[in-house]
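Peer 1:
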């Protein structure tokens, strides 16, 4: 990957070989552009950080201040005890739903992805298309049916029901990306392992798993983030405030006449930070993973 | 279409084996099938069923309704406007996102000091919850205490703070801008991954053949990006079409339906009007539209072919 990109600019820029001084200067110009690009994409989150440190009167002040006149880091403590929403429970819900949803999606997707990648059978394409179609429906339109179903099963307004919903709606991505990763491993490698006396489980664990590991990491993190940020279904299916995830809880601070923006921003940053850290961990896989997942 | 790829590489003697594999497949596919069946197929079936029933605001089923719910949908006075909005929303947001992402991906594919940091930063709007990102714009665009309004005034782009989210048209386009903002990171990374599949040799060959940089891009790089662009388009169309949080957060408070897409309209019919039956009919129409759009796209571009 690096060797590829390393040489790309020089091949595009004629003449070759590039003069050292010119190349160097040009790259720093690009860095300057890069800084501007970065600022554009960070802008809302910088506003968020600054806003989260303002006092309630100051954040509603007309005209607004760019930087806080007084800094209020205690907002990050106080936001956990507000009449609007039980934030501690909300964070816990988000964590439980995301972990559960990711685990379930992976458990359901891996066998299906492996089998469809390795075997041809009559219903293979219909199955894969069915999986793809689930991606086109969205939880909002299915909410009334889901609500009824969960009432019948005694699961309504539970975290487990949201684990099921999240797992199902992320299954499509998980199956397709793992399908292409499994396909990317030549059958011969697996067969060689069997010839060498490996059982199916052994070859799975020692040969396949390490080879498709980048795919699994990508799938896990993508699914986790999608579950973490899910909003529409929770909004409709979880009426009890202690069950609601952070994304829904957040909206409680925004009132029609009076909003506690400093808490909105504090909660948002708490919600955004872990996913950004997770995401940055797979930044390298991201480029390779997306190619394998969609393009191959 | 669905059978074509698998039949190509199967030799006749393997046909019988294929039939047996279908049975073998069941345990492997079962978990996925159960999940899809329970959480997607059943409610989808229920949605189709209720779209033909007469259901009261309190959930009582008063029997068969024929096509009356569909008639009710098509008789909504604001429906043409909502359909128009939906078209503008999907085509506009996806097209602008892809155009911007192509430029950005090209830039991030160049090597420069700090590139990794810029790539990481671009991930932030992708990782962040869309509700959270939209909320910050609701605050920032407020005509009184909004910081974006102050910034735009101080820079001189507008002469006085403007209530971007106070009228439907401005609100709709502000929301579209936010939708582009949150779609660009993913799209950029998909295109970036496409760019990395293009080898140096290809580009060198083009250069040796005397192609200019513009020619190289449009005649060599761009065609090779086709699969990546196809993936980016499909996923963006589905996501943007189904997007609820941005419009709900940013224009949900505006009265009327001038800033609604079919998705937010469905939500309003469920939440505010409590007409489950009409909402179901609209959802069915909605789903068919996505299906047709994606189907046509797959037929024309064929990104899924396995060669």
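Protein chains in written order, with the numbering used here: chain A, 1 to 296; chain B, 1001 to 1307. We treat Cβ as the ideally placed atom computed from N, Cα and C, and that holds for glycine.
(1) Hey, could you find the ends of the alpha helix (DSSP H) residue 1063 (chain B) is sitting in?
(2) Along chain A, in chain order, which residues have C-beta atoms closer than 9 Å to that of residue 1280 (chain B)?
(3) I'd like the list of long-range same chain contacts for residue 1256 (chain B), defined as Cβ closer than 7 Å, with 5 residues on each side in sequence excluded.
(4) Anything in chain B within Cβ reach of residue 297 (chain A), meaning under 7 Å, just list it in chain order.
(5) Could you check if residue 1062 (chain B) is buried or exposed, using at least 16 other CB atoms within 10 Å of its CB as the buried criterion?
(6) Taking the C-alpha atoms as reference points, what is the distance between residue 117 (chain A) and residue 179 (chain A)?
(7) What whole-angstrom Cβ distance do residue 1261 (chain B) and residue 1086 (chain B) have, given they're in contact under 8 Å?
(8) Looking at residue 175 (chain A) and residue 1032 (chain B), is the spacing between their C-beta atoms short of 8 Å?
(9) Consult DSSP for residue 1199 (chain B) and reduce its assignment to one of helix, strand or coil.
(10) So residue 62 (chain A) packs on residue 1139 (chain B), CB below 8 Å; how close in whole Å?
(11) Grouping DSSP H, G and I as helix and E and B as strand, with all else coil, what is residue 1054 (chain B)?
(12) Per DSSP, what are the beta-bridge partners of residue 254 (chain A) in this structure?
(13) Figure out for me which residue from A:37, A:68, A:122 has the closest Cα to the Cα of residue 1025 (chain B).
(14) Closer than 7 Å between beta carbons: that is the criterion. Which residues of the segment 151-167 of chain A meet it against chain B?
(15) Counting along the chain, where does the alpha helix (DSSP H) carrying residue 1275 (chain B) start and finish?
(16) Within a Cβ cutoff of 6 Å, which residues of the same chain sit near residue 76 (chain A), ignoring the five residues on either side of it in sequence?
(17) Under 8 Å, Cβ to Cβ, is there at least one residue of chain A near residue 1125 (chain B)?
(18) Is residue 168 (chain A) closer than 8 Å to residue 1040 (chain B) when the C-beta atoms are compared?
(19) Could you tell me which of A:151, A:140, A:153, A:189 sits nearest to residue 166 (chain A), measuring between CA atoms?
(20) Report yes or no: is there a C-beta of chain A within less than 8 Å of the C-beta of residue 1046 (chain B)?
(21) Does DSSP put residue 23 (chain A) in a helix, a strand or coil?
(22) I'd like to know whether the C-beta of residue 22 (chain A) is nearer than 8 Å to at least one C-beta of chain B.
(23) Do you know whose CA, among B:1154, B:1176, B:1234, lies nearest residue 1250 (chain B)'s CA?
(24) Among the candidates A:199, A:82, A:207, A:279, whose CA atom is the shortest distance from the CA of residue 223 (chain A)?
(25) Thinking C-beta only, is residue 1174 (chain B) closer than 8 Å to residue 1152 (chain B)?
(26) What alpha helix (DSSP H) runs, 4 residues minimum, are completely inside the segment 1078-1124 of chain B?
(27) Taking its Cβ as the centre, do 16 or more other Cβ atoms sit within 10 Å of residue 1190 (chain B), making it buried, or is it exposed?
(28) Between the segment 217-244 of chain A and chain B, which residues of the former have CB atoms less than 7 Å from a CB of the latter, in chain order?
(29) Spell out whether any CB of chain A is found under 8 Å from the CB atom of residue 1236 (chain B).
(30) Could you tell me the alpha carbon to alpha carbon distance between residue 177 (chain A) and residue 219 (chain A), rounded to whole angstroms?
(31) Determine the extent of the alpha helix (DSSP H) in which residue 1132 (chain B) is found, giving its start and end residues.
(32) Distance cutoff 8 Å, beta carbons only. Does residue 49 (chain A) sit that close to anything in chain B?
(33) What are the residues in the segment 31-47 of chain A lying within 8 Å of chain B by C-beta distance?
(34) Give the straight-line distance between the Cα atoms of residue 95 (chain A) and residue 228 (chain A), rounded to the nearest whole angstrom.
(35) What did DSSP end up calling residue 135 (chain A) once you bin it into helix, strand or coil?
(36) Below 8 Å CB to CB, which residues in the same chain sit around residue 282 (chain A) once its five sequence neighbours on both sides are set aside?
Peer 2: So, from the data block:
(1) In the DSSP annotation of this structure, residue 1063 (chain B) is not part of any alpha helix (DSSP H); the continuous beta strand (DSSP E) holding it starts and ends at 1061-1064.
(2) Chain A residues near residue 1280 (chain B): 141, 144, 145.
(3) Apart from the 5 residues on each side of it in sequence, residue 1256 (chain B) sits with its Cβ closer than 7 Å to the Cβ of 1168 in its chain, given in chain order.
(4) For chain A, the structure presents residues 1 to 296; residue 297 (chain A) sits outside this window and is missing.
(5) Looking at its Cβ environment, which holds fewer than 16 other Cβ atoms inside 10 Å, residue 1062 (chain B) is exposed.
(6) A direct Cα-to-Cα measurement between residue 117 (chain A) and residue 179 (chain A) gives close to 5 Å.
(7) Between residue 1261 (chain B) and residue 1086 (chain B), the beta carbon gap of about 4 Å places them in contact (Cβ cut-off 8 Å).
(8) Taking a C-beta distance under 8 Å as the contact criterion, residue 1032 (chain B) and residue 175 (chain A) qualify as a contact pair.
(9) For residue 1199 (chain B), the three-state secondary structure derived from DSSP is coil.
(10) Contact doesn't hold; Cβ gap of about 13 Å is too wide.
(11) In the structure shown, residue 1054 (chain B) sits in a strand (DSSP, three-state: E or B).
(12) Partner(s): A:259.
(13) When only C-alpha atoms are compared, the closest one is A:122.
(14) Listed by position, the residues of the segment 151-167 of chain A near chain B (Cβ gap below 7 Å) are 164, 165, 167.
(15) For residue 1275 (chain B), there is no enclosing alpha helix (DSSP H), since its DSSP letter is neither H nor E.
(16) Cβ neighbours of residue 76 (chain A) beyond the five flanking positions: 266.
(17) Yes, contact with chain A.
(18) The answer is yes: Cβ separation under 8 Å.
(19) With distances taken between Cα atoms, residue 166 (chain A) lies closest to A:140.
(20) Chain A, which has a Cβ nearer than 8 Å to the Cβ of residue 1046 (chain B), makes this yes.
(21) Here residue 23 (chain A) scores only 48 on pLDDT, less than 50, and its place in the model should not be relied on; the value that follows carries that caveat. In the structure shown, residue 23 (chain A) sits in a helix (DSSP, three-state: H, G or I).
(22) Residue confidence is low: residue 22 (chain A) scores 47 on pLDDT, short of 50, so the model does not pin down where it sits. Its coordinate-derived value is still stated next. Output row for residue 22 (chain A): interface = no.
(23) Across the set B:1154, B:1176, B:1234, the C-alpha of B:1176 shows the shortest separation from the C-alpha of residue 1250 (chain B).
(24) It is A:279 whose Cα lies nearest to the Cα of residue 223 (chain A).
(25) No, these two residues do not count as a Cβ contact at 8 Å.
(26) Taking only runs of at least 4 residues, the alpha helix (DSSP H) segments lying wholly in the segment 1078-1124 of chain B are 1079-1108.
(27) The residue in question, residue 1190 (chain B), is buried, as its Cβ has 16 or more Cβ neighbours within 10 Å.
(28) Of all residues in the segment 217-244 of chain A, 225, 229, 231, 232 have a Cβ within less than 7 Å of some Cβ in chain B.
(29) Taking Cβ atoms only, chain A never reaches closer than 8 Å to residue 1236 (chain B), which makes this a no.
(30) Cα to Cα, residue 177 (chain A) sits roughly 7 Å from residue 219 (chain A).
(31) Element bounds for residue 1132 (chain B): 1130-1140.
(32) No - not a single Cβ of chain B is within 8 Å of the one on residue 49 (chain A).
(33) Within the segment 31-47 of chain A, the residues whose Cβ lies closer than 8 Å to any Cβ of chain B are, in chain order, 31, 33, 34, 35, 37, 38, 41, 42, 44, 45, 47.
(34) A straight line joining the alpha-carbon of residue 95 (chain A) with that of residue 228 (chain A) spans about 7 Å.
(35) In the displayed model, residue 135 (chain A) falls within coil according to three-state DSSP, outside both helix and strand.
(36) Within its own chain, the residues whose Cβ lies closer than 8 Å to the Cβ of residue 282 (chain A), once the five positions on either side in sequence are excluded, are 217, 218, 221, 289, listed in chain order.
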